[in-house]
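In the numbering used here, the protein residues as written are 4 to 405. Where is the CB? At the ideal position from N, CA and C, for every residue including glycine.
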Ligand SMILES: Cc1cc2nc3c(=O)[nH]c(=O)nc-3n(C[C@H](O)[C@H](O)[C@H](O)COP(=O)(O)OP(=O)(O)OC[C@H]3O[C@@H](n4cnc5c(N)ncnc54)[C@H](O)[C@@H]3O)c2cc1C
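Structure follows, in C-alpha cells:
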C-alpha cells in the first residue's frame, strides 16, 4: 500500500528533484530572472531547429522523473503511476514552470490525451504494453485523425481498414498529424463498415509508425518549423490486438480523445505563472512598466488567466478522473484569447524587436507565440466548432443549421 506523503513533504521532494536536475528560471518567489535559461515563450509551436536534441533532452527528463516516481503522479500503480491525488500532479506542473526544462510539447499528446483514452478503452494487453512506456517517454505517440477531406467533420473520413487474417489492412491519407515524424505509435481512426451511418462504422487502431507502408511527409509552417506531417498509409498491417475499443465503435474513443485534448490544451498549454512573470519582466526591461495602459492590460491578463485556470481545474475535478464534458471546449477558447492578449502586450512593448531578431535575449522569442496562434485556433477543434459545442451542448441553444 502506498503511503500518502503530506503536501509539504511532497513539495520538498519535488523541489529537491527539480533542483538536482535543472536550473531555475525564477527566484524563490517564482519571479523570472531576466537572461536566465532558455528564452523560449512559445506554447504553440515547436522550433524550426534543434528538434532532435530537444526530444533527446525531454526523453532524458521523463526517464529521470520515472526513476523518482514523478512521471505519473496521479496514475494507477498497476501501470507505473503513483496514485496520488490529482492536485499533487497539478502542483508539480506549477513547480516545473519555474525551471529551465525541455519543451514538453513533444509528449503532450502521448501523456495528456492518448494515455487517458488508452486507460479507458484499451485492453489489459495494450495498457500493460504501452502506458508506462508512453508516460516515461520511452515511446512517443501522435494522432492520425484529420484527412484532406475530413477535419471539423471528422466522421466523414475515408481511410479504410479491412479485415486480413488476425488483423487489419489500412489504406488512406492523414494530414496535419503533429509529430508523426518522431512518433513510434499513431492513434488512427479508419472506416471499418461502409454500410453503417458515418459515425457508426469507424474503429480506432494503434499503428506502428515504422511499419511498412507508412510514409511521412513534413509540412512547413509559418513559424519556420515543420511540426506536423502528411501521413500516407498503403496496405499497412495492424494486428487486431492493436485495435482500441470495439469494432465500429471507434467514434466513442475519438470523442474522449478530443475532449481530453481540449482540456490538455486549455490547462497545460495555458498561461502559467512562468509565462506571466516573463511578460512582466519584459515590460520592465523595455521601460514600459510605468505606462498605465500596459499595467492595466497586464493586471487584466493576470485576472483572466487565474480565473481560466481555476475554471479548467474545476471542470477536470468534476470529471473525477473520467472524461470531462463538452464544457471543456471553453478552456481552449479562453486559452486562445489569453495568448492573443499576451502577444498583444508583448508586441506593444517590443515594437519592431518583435519582427526583427536583434539577438537580444527574451525579445524576438515572443514572435513565435504570435505566429503560432492561428494554428492553435484551428488545432484541437476550431473556434467556430467549439462555440457551437458550447452553444448546443452546454447552453442548450437550438442546433446550428447543418
Ligand atoms: C497546429 C495544428 C495541429 C494539428 N494537429 C493535428 C493532429 O495531430 N492530428 C490530427 O488528426 N489533426 C491535427 N490538426 C488538424 C485539425 O484537427 C483540423 O485542422 C481541424 O479539425 C479543422 O479541420 P480542417 O482543417 O479540415 O478545416 P475545416 O473543417 O474544413 O474548417 C474550415 C473552416 O470552416 C469552419 N467550419 C467548419 N465546419 C463548421 C461548422 N459546422 N460550423 C461553423 N464553422 C465551421 C471552421 O471553423 C474553419 O474556420 C492540427 C491542426 C493544427 C492547426
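Suppose the cutoff is 7 Å on Cβ atoms and the five residues either side in sequence are ignored; what does the same chain contact list for residue i look like?
i	result
residue 368	42, 43, 44
residue 265	331, 332, 334, 335, 383, 384
residue 396	329
residue 352	285, 286, 289, 291, 297
residue 389	332, 335, 336
residue 130	82, 121, 122
residue 103	25, 26, 28, 40, 41
residue 261	384
residue 128	244
residue 68	74
Can you give the Cα-Cα distance for residue i and residue j, rounded to whole angstroms?
i	j	result
residue 365	residue 157	39 Å
residue 303	residue 315	18 Å
residue 21	residue 61	14 Å
residue 95	residue 344	26 Å
residue 371	residue 200	42 Å
residue 306	residue 204	45 Å
residue 337	residue 268	11 Å
residue 149	residue 176	9 Å
residue 154	residue 166	25 Å
residue 108	residue 168	37 Å
residue 243	residue 171	7 Å
residue 99	residue 151	37 Å
residue 198	residue 174	18 Å
residue 10	residue 91	7 Å
residue 318	residue 308	15 Å
residue 136	residue 404	44 Å
residue 214	residue 186	12 Å
residue 398	residue 392	9 Å
residue 3	residue 115	The first residue shown for the chain is 4 and the last is 405, placing residue 3 beyond what the model contains.
For residue i, collect the residues of the same chain with a Cβ closer than 6 Å to its Cβ; drop the 5 residues on either side in sequence, then sort them by chain order.
i	result
residue 124	247, 248, 256
residue 4	Unreliable placement is indicated for residue 4, whose pLDDT of 48 sits below 50; the coordinate value is still reported in the next sentence. Excluding positions up to five away in sequence, the list is empty.
residue 252	none
residue 192	148, 205, 207, 253, 257
residue 13	91
What do you reckon, is the C-beta of residue i under 7 Å from a heavy atom of ligand 1?
i	result
residue 154	yes
residue 257	no
residue 348	no
residue 222	no
residue 254	no
residue 147	yes
residue 168	no
residue 391	yes
residue 385	yes
residue 402	no
residue 228	no
residue 139	no
residue 381	yes
I'd like the span of the beta strand (DSSP E) that includes residue i, first residue to last.
i	result
residue 237	231-242
residue 208	205-211
residue 100	Counting along the chain, residue 100 falls outside any beta strand (DSSP E), and DSSP gives it neither H nor E.
residue 165	163-167
residue 276	Premise fails: residue 276 lies in the alpha helix (DSSP H), 276-288, not in any beta strand (DSSP E).
residue 143	No beta strand (DSSP E) holds residue 143; DSSP gives it neither H nor E.
What residue range is occupied by the uninterrupted alpha helix (DSSP H) comprising residue i?
i	result
residue 305	295-321
residue 70	54-70
residue 392	386-392
residue 119	118-124
residue 2	There is no way to answer for residue 2, as the model of the chain reaches only from 4 to 405.
residue 382	Taken as a continuous stretch (DSSP letters only), residue 382 belongs to no alpha helix (DSSP H), as it is neither H nor E.
residue 21	10-24
Using only alpha-carbon positions, find the residue among the options that is nearest to residue i.
i	options	result
residue 189	288, 36, 142	142
residue 348	295, 318, 391, 88	295
residue 216	75, 154, 239	239
residue 3	78, 312, 55	Since the first residue shown for the chain is 4 and the last is 405, residue 3 is missing from the structure and cannot be characterised.
residue 341	358, 373, 181, 320	373
residue 195	210, 163, 145, 222	163
residue 8	231, 198, 88, 232	88
residue 183	160, 112, 132, 37	112
residue 362	15, 38, 18, 16	38
Comparing the C-beta of residue i with each C-beta of chain B, is any distance below 8 Å?
i	result
residue 84	Among the chains in the structure shown there is no chain B, since it carries only a single protein chain.
Note down, in chain order, each residue of its chain lying with its Cβ closer than 8 Å to the Cβ of residue i, except the 5 sequence neighbours on either side.
i	result
residue 380	339, 386
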